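If you read the protein sequences in the order shown, they are chains A and B.
So the mapping is simple: the working numbering equals the position in the first sequence, first residue as 1, plus 765.
So the mapping is simple: the working numbering equals the position in the second sequence, first residue as 1, plus 14.
Where a beta carbon is used, it is the ideal one built from N, C-alpha and C, also for glycine.
Being a predicted model, the structure only gives us computed values, none of them experimental.
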Amino acid sequence: MRSMYSFLAEGDEFVPPSSRDFVLPPIFGDNPYSTKPIFLVFLSVILLSLFFVMASRKAAIVPSKMQFAGETVYAYVRNELGRDIIGHEFMRFVPYLFSLFTFILVNNWFGIIPMLQFPTMSRISFAYVLGIITFAVFHYVGIRHHGIIKYLKDILFMPGVPKPVYILLTPIEVATYLIVRPLTLSLRLFANMFAGHLLLMIFILGGEHLLQGAITLKLVSPFAFAFGIALTFFEFLVQCLQAYIFTLLTALYIGGALADEH
Amino acid sequence: MSQNNEGAAWTILGYLLSGPLFWGGVGYGLDTWLGTGYFLASGLLLGMGAALYLVWLRFGR
Chain A
766 MRSMYSFLAE
776 GDEFVPPSSR
786 DFVLPPIFGD
796 NPYSTKPIFL
806 VFLSVILLSL
816 FFVMASRKAA
826 IVPSKMQFAG
836 ETVYAYVRNE
846 LGRDIIGHEF
856 MRFVPYLFSL
866 FTFILVNNWF
876 GIIPMLQFPT
886 MSRISFAYVL
896 GIITFAVFHY
906 VGIRHHGIIK
916 YLKDILFMPG
926 VPKPVYILLT
936 PIEVATYLIV
946 RPLTLSLRLF
956 ANMFAGHLLL
966 MIFILGGEHL
976 LQGAITLKLV
986 SPFAFAFGIA
996 LTFFEFLVQC
1006 LQAYIFTLLT
1016 ALYIGGALAD
1026 EH
Chain B
15 MSQNNEGAAW
25 TILGYLLSGP
35 LFWGGVGYGL
45 DTWLGTGYFL
55 ASGLLLGMGA
65 ALYLVWLRFG
75 R
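Structural data, given as structure tokens:
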């Protein structure tokens, strides 16, 4: 397994970063559960817990800076993603939406935080797990709200259609609800983080490689680094956007499962 | 959900993906099974048409 920086020892040939750079070696011996992404996930949970405990512990009428920051994030998720989309029953789902949003956000940010610099969600399993949880939540909510018969009937049979047409339409509904929704949710998050990390690696490692070349190449390398820095800011936007989209879609699916008519 | 435009957009995207995906998949299966070459294309078209019909049923009428 090639680590991120090992190409320096491989002579003059520039080895472009590839998907292999996302397979990180275990930190402790051969234990496959001690890789960097695993530790980053734990770190994100610790950081989030610390932040929100500290932000809410000494809650005051006139908030401290930290309380203000925590409350801003919370209010944003509750009002914009919860209340506006799910409707009057939204408070039940705010804890889930809030945890989901902050968890994805911090894990995405790890992609550009110096020293950490690895977006956890660029390993697809993490994105799959989040997709599966959302999938379970919105179906469970729908079944609890409507009862399993009515919920399935709402999904499978669009009203006001001649019966033979169901042969054509029902498989599409099933594929949408059971496969496409959780899959696109996971893949969107994974692919964005994966591609963003790859892009940053290309510009920054490329700039470093140019720096070791002839004098003309050395002169070009600042441009590569400048692009790398500009793209880092761009990545920041993408990371926030992806956390937002994931939570927004979760809220939309829950709202759809609760809706009385489809 | 239909009163929410953003929700509608994502639902439509989902249908337009899974329509061709499912019926295209059926067509591909038939092509492989029977050794023919036209079921995949017809399946994709059928799926796209059905998905558009579904979108119209849900949001258009």
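- Identification of chain B residues near residue 953 of chain A by a Cβ-Cβ cut-off of 8 Å yields none; the smallest Cβ-Cβ distance measures about 11 Å.
- In the three-state reduction of the DSSP assignment, residue 798 of chain A falls in the coil class, being assigned neither a helical nor a strand state.
- Our two residues, residue 906 of chain A and residue 960 of chain A, have alpha carbons roughly 33 Å apart in a direct line.
- Between residue 894 of chain A and residue 867 of chain A a beta carbon distance of about 16 Å is seen, past the 8 Å cut, so the two are scored as non-contacting.
- Within a 10 Å sphere around the beta-carbon of residue 782 of chain A sit 16 or more other beta-carbons, which makes this residue buried.
- Between residue 43 of chain B and residue 52 of chain B, the alpha-carbon positions lie close to 11 Å from each other.
- Taking C-beta atoms under 8 Å as the contact rule, residue 852 of chain A and residue 1017 of chain A fail to qualify, at a distance of about 11 Å.
- Just measuring C-alpha positions, the residue of A/947, A/980, A/948 and A/991 sitting nearest residue 967 of chain A is A/991.
- The C-alpha of residue 817 of chain A lies about 18 Å from the C-alpha of residue 875 of chain A.
- Annotation: the segment 891-958 of chain A contains the following complete segments of the alpha helix (DSSP H) (minimum length 4 residues), in chain order: 913-921 and 931-940.
- In this structure the segment 795-808 of chain A touches the segment 880-889 of chain A; the number of beta carbon pairs closer than 8 Å is three or more.
- Per the coordinates, the alpha-carbon of residue 1011 of chain A lies some 43 Å from the alpha-carbon of residue 978 of chain A.
- Excluding the 5 residues flanking it on each side, residue 842 of chain A has same chain C-beta neighbours closer than 6 Å at 862, 863 and 866, in chain order.
- About 11 Å separates the Cβ atoms of residue 55 of chain B and residue 34 of chain B, ruling out a contact at the 8 Å cut-off.
- Non-local beta-carbon contacts of residue 1008 of chain A in its own chain, meaning distances under 7 Å to residues more than five positions away in sequence, involve 866, 869, 870 and 873 in chain order.
- Secondary structure note for residue 873 of chain A: its alpha helix (DSSP H) is the uninterrupted segment 859-874.
- Taking 8 Å as the CB threshold, residue 961 of chain A stays off the interface with chain B.
- Around the beta carbon of residue 1025 of chain A, a 10 Å sphere encloses fewer than 16 other beta carbons of the protein chains shown; the residue is thus reported as exposed.
- In chain B, no part has a C-beta under 7 Å from the C-beta of residue 865 of chain A; the shortest such distance is about 17 Å.
- Using a Cβ-Cβ cut-off of 8 Å, residue 73 of chain B does not count as an interface residue toward chain A, since no Cβ of chain A sits closer than that to its own.
- Close to residue 937 of chain A, with beta-carbon spacing below 8 Å, are these residues of chain B in chain order: 29, 32, 33, 36, 37, 61, 64, 65 and 68.
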